[in-house]
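First the structure, in the form of structure tokens, and then the observations on it.
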Amino acid sequence: MGKSVIIIGAGIAGLAAGCYAQMNGYRSQIFEMHDLPGGLCTAWERRGYVFDGCIHTLLGAGPGQPYHRMWEELGALQGRRMIHHEELMRVIGPDGRTFIAYADPDQLERHTKMLSPADARLIESFCAAIRRFAAFDLSATQIKPRSLMGPGDWAAFGMKMLPFVGPLAKWALVSAEDFAARFRDPFLRRAFPKVFGWPEIPMMAAISILGAMHAGNAAFPAGASLEFARALERRYLALGGEIHTKAQVERILVERQGGRARAAGVRLYSNDEHRADTVISAVDAAGRSSTCWMASSSTGRSRAATTAICRSTASSRFRWG
Ligand SMILES: Cc1cc2nc3c(=O)[nH]c(=O)nc-3n(C[C@H](O)[C@H](O)[C@H](O)COP(=O)(O)OP(=O)(O)OC[C@H]3O[C@@H](n4cnc5c(N)ncnc54)[C@H](O)[C@@H]3O)c2cc1C
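Numbering (my numbering), first residue to last: 560 to 880.
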């Protein structure tokens, strides 16, 4: 019988941790305070419409691309249509001028230069970075936990990252807002930071989103976010995992052995206690504040898996005025 694992939270991280625990011979159970899985990755129906509260662009959308295999292992992509949007966002000014963030850097370059020929050089360097970052493999940074990486792993990692060292240094410390301030055109100065829904987003992240869309690796999974989470839940249950819903963890139980503290289980608000060899906390920021204080002397939080955060709005429109 394999070792036991308790996972707190049935969001995407908790479900993924559970699937991989089961695949690797652990006996796992997930405690989720809500009455359904998915966490932030959710959707809801009103009067025949589905409102999607989460995923707009999922990294790993294209076969052979980074993260694709992981989503397949988690049962999230099988039979699912991925919708590849041609635009990330449209920003419309009060006078009707429109900036379209095309996923295709050639089209984006032509369109933006037409809006502001005076900014041609700035636009060219931005679009060149998108072309370059289309080949950037973010998953290379997460193949193995750092503590398990040997010299060979570090060498392979270094080789993969080498072509990006220059561009990373150039774009990592600049925010979309700072970059936008360089445009001569006043409309582009205002419109550009609104494209990513987060004006302070590091330009490297913004460029990576457009690069991944251009490469066909960032798309919208048809069926909306809750159905996406449900697919992971089905996979987890099929692997023999157990989910307890309406089961809010109040405290991580900590045991001391030979002067060392280790997480030994959880106590629920119902006062039930459950023990396991390993406890993984995969809760959100709000939940973390409620579970971490109680485990202040414990092993802390370890996330087995997490979705790539890329907040974007495919085919969205932003209007001001
Ligand atoms: C509006 C929006 C848009 C997004 N767009 C994208 C996108 O386009 N692409 C993308 O990749 N990502 C996107 N994200 C990010 C993505 O949704 C999150 O990164 C991901 O869903 C986080 O998963 P998680 O499992 O780490 O956390 P959560 O989803 O927060 O899951 C934590 C779970 O823990 C449970 N929990 C908390 N405390 C306890 C407790 N004490 N006991 C038991 N259970 C507990 C919660 O109920 C929840 O189910 C978006 C997020 C938002 C909000």
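No residue lacks a Cβ here, since even glycine has one placed at the ideal position from N, Cα and C.
Just so it is clear, the structure is predicted and the values come from calculations on it, not from any experiment.
Per DSSP, cross-strand counterpart(s) of residue i
i	result
Ser829	According to DSSP, Ser829 bridges with nothing at all.
Arg586	Ser563
Thr616	DSSP output for Thr616 lists no bridge partner at all.
Ser734	Pro761
Glu801	Gln588
Val813	Ala822
Arg834	Gly824
Phe658	Val650
Ser840	Ile567
Residue i (DSSP reduced to helix, strand or coil)
i	result
Gln807	coil
Trp630	helix
Ala602	strand
Phe723	helix
Arg649	strand
Ala783	helix
Gly717	helix
Phe695	coil
Leu769	helix
Gln529	The shown model of the chain, from 560 to 880, leaves out residue 529, and the question about it has no answer.
Asp611	strand
Ala863	Note that Ala863 scores a pLDDT of 32, beneath 50, so its modelled location is shaky; the value from the coordinates is reported in the next line. Correct three-state label for Ala863: coil.
Thr858	Reliability fails at Thr858, whose pLDDT of 34 lies under 50, so the model's placement of it is uncertain and the value that follows must be treated cautiously. Correct three-state label for Thr858: coil.
Phe742	coil
Ile642	strand
Ile892	Nothing can be reported for residue 892, as the shown portion of the chain is limited to 560 through 880.
Ser848	Annotation note: pLDDT 41 at Ser848 (below 50); position unreliable, no value reported.
Ser706	helix
Gly756	coil
Ala569	coil
Gly597	strand
Ala580	helix
Gln777	A small fix is needed here, since residue 777 is Ala in this sequence, not Gln. Strand, per DSSP.
Gly880	In this prediction, Gly880 has a pLDDT of 43, which is less than 50 and means its spatial position is unreliable; what the coordinates show is noted afterwards. Three-state DSSP puts Gly880 in coil, outside helix and strand.
Gly711	helix
Gln624	coil
Asp665	helix
Anticipated Cβ contact below 8 Å, residue i with residue j, distance rounded
i	j	result
His627	Phe779	Not a contact, Cβ separation roughly 15 Å.
Gly652	Phe746	5 Å
Ala750	Phe658	4 Å
Ala580	Ala693	Rounded, the Cβ-Cβ distance is 34 Å, inconsistent with contact.
Phe787	Cys600	6 Å
Pro664	Arg690	5 Å
Ile530	Val808	Coverage of the chain is limited to positions 560 through 880, which leaves residue 530 absent and any answer about it impossible.
Gly612	Gly570	At roughly 13 Å, the Cβ-Cβ gap does not stay under 8 Å, so Gly612 and Gly570 are not in contact.
Val825	Val842	Not quite, the Cβ-Cβ distance comes to about 11 Å (not below 8 Å), so this is no contact.
Glu736	Pro710	About 40 Å; that fails the 8 Å criterion.
Gly800	Ser587	5 Å
Leu618	Asn776	6 Å
Ala662	Glu646	7 Å
Met718	Thr616	Actually they do not touch by this definition, with Cβ atoms about 28 Å apart.
Contact set for residue i: own chain, Cβ-Cβ below 7 Å, skip 5 residues either direction
i	result
Val609	Ala602, Ala783
Ile642	Ala778, Phe779, Ala781
Gly725	none
Met639	Reading off the sequence, residue 639 comes out as Arg, not Met. Same-chain partners within the cutoff: Pro780, Ala781, Gly782.
Lys729	none
Leu798	Cys578, Gln581, Met582
Gly634	Ala790, Leu791, Arg793, Arg794
Ala806	Phe590, Glu591, Met592, Leu827
Gly817	none
Gly770	Ile689, Phe692, Ala693, Phe695
Cys686	Pro664, Leu667, Glu668
Asp712	Lys703
Neighbour flag for residue i against chain B, beta carbons, 7 Å
i	result
Asn583	Protein chains in the displayed structure number just one, and chain B is not present.
Cβ-heavy atom distance, residue i to ligand 2, below 6 Å
i	result
Val825	As far as ligands go, the structure on display features ligand 1 and does not contain ligand 2.
Beta-carbon proximity list for residue i, same chain, < 6 Å, skipping 5 on both sides
i	result
Phe738	Met762
Met629	none
Leu785	Gly597, Thr601, Ala602
Gly584	Gly561
Leu681	Arg741
Arg656	Phe746
Asp594	Thr804, Lys805
Arg606	none
Val650	Phe658, Ala750, Lys753, Phe877
8 Å CB neighbourhood of residue i in its chain, flanking five on each side removed
i	result
Ser856	Caution is warranted here: a pLDDT of 35 is assigned to Ser856, below 50, making its placement in the model unreliable, and the coordinate value is therefore given only provisionally. So the qualifying residues of the chain are Val813, Ala820.
Phe744	Sequence check: residue 744 is Asp here, not Phe. So the qualifying residues of the chain are Leu674, Ser675, Ala677, Asp678.
Please confirm if the region 830-844 is in contact with the region 613-630, defined as three or more CB-CB distances below 8 Å between the two stretches. no
Quick one: any contact between the region 808-817 and the region 666-684, if contact means 3 or more CB pairs under 8 Å? no
Check whether the region 791-800 touches the region 560-580, counting contact only when three or more Cβ pairs, one atom from each stretch, lie closer than 8 Å. yes
Three Cβ pairs or more, each shorter than 8 Å: is that satisfied between the region 765-775 and the region 699-707? no
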